[in-house]
Amino acid sequence: MARLREVLALKGGTVVADVGAGKGELTFALAREVGASGSVFSTEIDPGRLQRLREAVVAAKLDHVTVLEARGSETGLPPNCCDVIVLRRVYHHLTDPSGINASLLRSLRPGGMLAVIDFPPPFFLSRGDFGVAAEAVRSEVVSSGFQVLRLIDDWPGRGPLGSYCLLFRKER
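Numbering (the working numbering), first residue to last: 10 to 181.
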């Protein structure tokens, strides 16, 4: 979390989204970072995970966290709601990247940042159920209207999987 905080300049008052929140580990970490003066949107497509995430947010009394249902081509986020959006180990699962990227662009405020954290697939494939090449992400996100800021190719990963973080900005 420290590296994400540093790279995204997260602080109190920031409005951030965790797209594809899963079990919500990142959502809870982001909620701690932005504090009660900030807010967190947490989106999930799986109905069971969505329900468990809502229950966990209520149990933790995180009034500044809003859980939203996503769909295959739509994040579920309101327009112009976020300063920062994070997709952690989610992008390779997208079945409609252009639809999601358009939704991400609508949801970011002008000058807002998008962080895509993922890992490359084995055998030098560009896209699949297990990983996505950073260049494929860069190409798809830039073609949706984002400006690429930088690639961090030594992002902390899980186990033996090497990860990267691609940072983008919505132009003002």
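Positions of the beta carbon are idealized from the N, C-alpha and C atoms, including for glycine.
The structure presented is a predicted model; accordingly, all values stated were derived computationally and were not measured.
For the pair M10 and D27, the Cα-to-Cα distance works out to about 13 Å.
Ranked by Cα distance from Q156, the first of P131, T84, P119, D162 is P119. The Cβ atoms of G33 and S51 lie closer than 8 Å to each other. Here G108 carries a helix assignment [DSSP, helix/strand/coil]. Taking 8 Å as the cut-off, the beta carbon of H73 is found no closer than this to the beta carbon of A38.
Residue range 117-127 is occupied by the beta strand (DSSP E) that includes P119. Boundaries around T36 are those of the alpha helix (DSSP H), 34-43, since no beta strand (DSSP E) includes it. Taking a cut-off of 8 Å on C-beta distances, the segment 123-133 touches the segment 142-157, as three or more cross pairs fall below it. Distance from the Cα of V99 is smallest, within the candidate group A30, L117, T36, for A30. Taken through DSSP and simplified to helix, strand or coil, E64 comes out as helix. Here the alpha carbons of G166 and E64 stand approximately 28 Å from one another.
The three-state secondary structure of E83, taken from DSSP, is strand.
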